[in-house]
Amino acid sequence: MSAYEQAVAATEYLKGRIQNRPLVGIICGSGLGSIADLVENPRIVRFDDIPGLPDWEVIGNEGCLIFGRIGNKQVVVIQRRLRTYEGHDYSVMTIPIRVMKLLGAKYLFVTSTAGGLNKHYEVGDLVMVRDHVDFSSLVGRNPLIGQHDPRFGDRFPALQGTYDRGLRNIAAKCMDKLKLQSELLEGVYFHIAGPAYETPATARMLQLLGCDVMGMSLTQEVLVAKHQHMKVFALCLITNKVTTDSDTTDEHNYELETKVAKMKAPLVGKLIEGILDNLH
1 MSAYEQAVAA TEYLKGRIQN RPLVGIICGS GLGSIADLVE NPRIVRFDDI
51 PGLPDWEVIG NEGCLIFGRI GNKQVVVIQR RLRTYEGHDY SVMTIPIRVM
101 KLLGAKYLFV TSTAGGLNKH YEVGDLVMVR DHVDFSSLVG RNPLIGQHDP
151 RFGDRFPALQ GTYDRGLRNI AAKCMDKLKL QSELLEGVYF HIAGPAYETP
201 ATARMLQLLG CDVMGMSLTQ EVLVAKHQHM KVFALCLITN KVTTDSDTTD
251 EHNYELETKV AKMKAPLVGK LIEGILDNLH
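Going by UniProt numbering, the sequence shown runs without a break in its numbering and finishes at 280.
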């Protein structure tokens, strides 16, 4: 079964069970799963119940698609994303995004926790992604590699304007209404495969390259969405500041980073609600 046939099989199954047709797909980052609680009258479909998809239980994922409304907009939410460091093939990671598009979604909102490379960023800041650097794609690890199917998109998609300026403008206005404009920044995202954190030398190199934030997700999902001509809004929450001192003994505290994410999740949710309310 081709990738397109897999996506179509999953889509047809969902169309037979879900009445709403989502306008927006939303992916929750680590510690930001409570965003899914915003969905009214949710209809939940487990990944492993959807034909045409790989055996999600075998590959160790307990994710689901959550359908419903946030405000007056139909959405579909992925509460737990797939990550490359868990051993998933890129072709597997693309399928949920492909299905969102085939169901009718025109927008993809991606949230993620990230480390702050920019010296002016603080823990708790929200950063809208305006561009990214992805070394994985430069060395042949790109989700679009493989047999081309024109029904998905172009063979050689251009990536200018990947992160939609209009959506970022809407987000800025929403934060202004919340009187929190100073907490919303813009920056360049760097994708690190993980699961190991970056070395201090890597962090220093990325600062020289002009990268502002870094994380272990986001870019692969965004590339697939752009391939399908979806408008993308990507938002990072800074949960730690990267270390550039090679002699430091300070270590990452994942529990503390998760605590920051859960504390800021309500604000991220309010911002998403505001953007959705302004989509026409």
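Backbone N, C-alpha and C define an ideal beta-carbon position, used for all residues, glycine too.
query: A7 vs L102 beta-carbon contact at 9 Å; result: yes
query: Spatial neighbours of L276 in its chain, beta-carbon cut-off 7 Å, leaving aside the 5 residues before and after; result: V24, I70, G71, K73
query: Beta-ladder partner(s) of E40, from DSSP; result: R69
query: Between the CA atoms of R155 and D48 - distance to the nearest angstrom; result: 30 Å
query: Same chain, Cβ closer than 8 Å to P22, five either side skipped, listed in chain order; result: F67, Q74, V75, V76, M100, L103, G104, A105
query: Distance between G274 and A171 (C-alpha atoms, nearest Å); result: 7 Å
query: Stretch-stretch touch, CB-based, cutoff 8 Å, three pairs: the region 150-164 with the region 226-233; result: yes
query: Three-way DSSP call (helix, strand, coil) for N169 in this model; result: helix
query: Identity of the residue in T113, L267, Y121, R46 nearest P96 by Cα; result: R46
query: Between the CA atoms of E12 and N61 - distance to the nearest angstrom; result: In this prediction, N61 has a pLDDT of 49, which is less than 50 and means its spatial position is unreliable; nothing more can be read from the coordinates.
query: Secondary structure, beta strand (DSSP E): runs of 3+ residues fully inside the region 150-213; result: 184-191
query: CA-to-CA distance, K177 to V268, given in whole angstroms; result: 14 Å
query: Cα-Cα separation, I44 to M230; result: 23 Å
query: For D125 and L180, the rounded distance between their alpha carbons; result: 10 Å
query: Element boundaries [alpha helix (DSSP H), containing K119]; result: From DSSP, K119 is part of no alpha helix (DSSP H); its letter is neither H nor E.
query: Extent of the continuous beta strand (DSSP E) to which A265 belongs; result: Where A265 is concerned, there is no enclosing beta strand (DSSP E), although the alpha helix (DSSP H) it sits in stretches over 254-277.
query: Identified DSSP bridge partners for A114; result: I238
query: Which of helix, strand or coil DSSP assigns to Q6; result: helix
query: Straight-line Cα distance separating R141 from Y4; result: 20 Å
query: Cβ neighbour criterion (16 or more within 10 Å) applied to D37; result: exposed
query: Three-state secondary structure assigned by DSSP to I50; result: coil
query: Alpha-carbon spacing of V123 relative to Q79, whole angstroms; result: 23 Å
query: Pair within 9 Å by beta-carbon distance, Y107 and F233; result: yes
query: Cβ-Cβ distance between L218 and V139 below 9 Å; result: no
query: Which of helix, strand or coil DSSP assigns to V139; result: coil
query: Own chain partners of D134 with C-beta closer than 7 Å, once the 5 adjacent residues on each side are dropped; result: H191, T219
query: The region 195-210 contacting the region 113-120, beta-carbon criterion three pairs below 8 Å; result: yes
query: Cα-Cα separation between N240 and N169, rounded to whole angstroms; result: 26 Å
query: Through-space distance from I26 to V39, alpha-carbon basis; result: 11 Å
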